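> Here it is, the structure, as structure tokens.
Residue numbers (this note's numbering): 30 to 146.
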């Protein structure tokens, strides 16, 4: 199976698209701060899933899935910060949070499976 056929990668890609849709709402002065960091964290998730998927060793696969999971947590934290600073309304991020939580559960299961194979 190719990584593009996995649900976890597809969900991570959907989250990136949603996050990119929110980025224009950030203040201009955050162009190189939170905006850039949020974009990088979001993009890192599907990229690391893809890179891990192509690795031969279980250890490498698990490492890249772990990085993806960490980036997902970073993106979620930055979304929360943006909400708390009043830059994002809670309503537009509600579905995104649900997707992030589901992706996180899937990554946890995939990491466990990778370690136990």
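Every residue, glycine too, gets a C-beta built ideally from N, C-alpha and C.
Predicted, not measured: the structure shown is a model, and the values here were computed from it.
1) Which of the three DSSP states is assigned to residue 103 in this structure?
2) Within 10 Å of its beta-carbon, does residue 81 have 16 or more other beta-carbons around it, so buried, or fewer, so exposed?
3) List, from N- to C-terminal side, the alpha helix (DSSP H) runs of 4 residues or more that fit wholly inside the segment 37-77.
4) Taking residue 41 as the reference, give the member of 140, 52, 98 and 122 with the closest Cα.
5) Can residue 78 and residue 32 be called in contact, C-beta distance under 8 Å?
6) Could you round the C-beta distance between residue 46 and residue 117 to whole angstroms and report it? I think they count as a contact, below 8 Å.
7) Tell me which residue opens and which closes the alpha helix (DSSP H) that residue 30 is part of.
8) Closest by CA to residue 35, which one among 141, 136 and 115?
9) Where does residue 84 fall in DSSP's three states?
Inspection of the coordinates gives the following:
1) Assigned with DSSP and collapsed to three states, residue 103 falls in helix.
2) Residue 81 sits buried, since 16 or more C-beta atoms from the chains shown fall within 10 Å of its C-beta.
3) Restricting attention to alpha helix (DSSP H) runs no shorter than 4 residues, the segment 37-77 encloses none.
4) When only C-alpha atoms are compared, the closest one is 98.
5) Yes, they are a contact pair.
6) Actually they do not touch by this definition, with Cβ atoms about 16 Å apart.
7) From DSSP, residue 30 is part of no alpha helix (DSSP H); its letter is neither H nor E.
8) When only C-alpha atoms are compared, the closest one is 136.
9) Coil.
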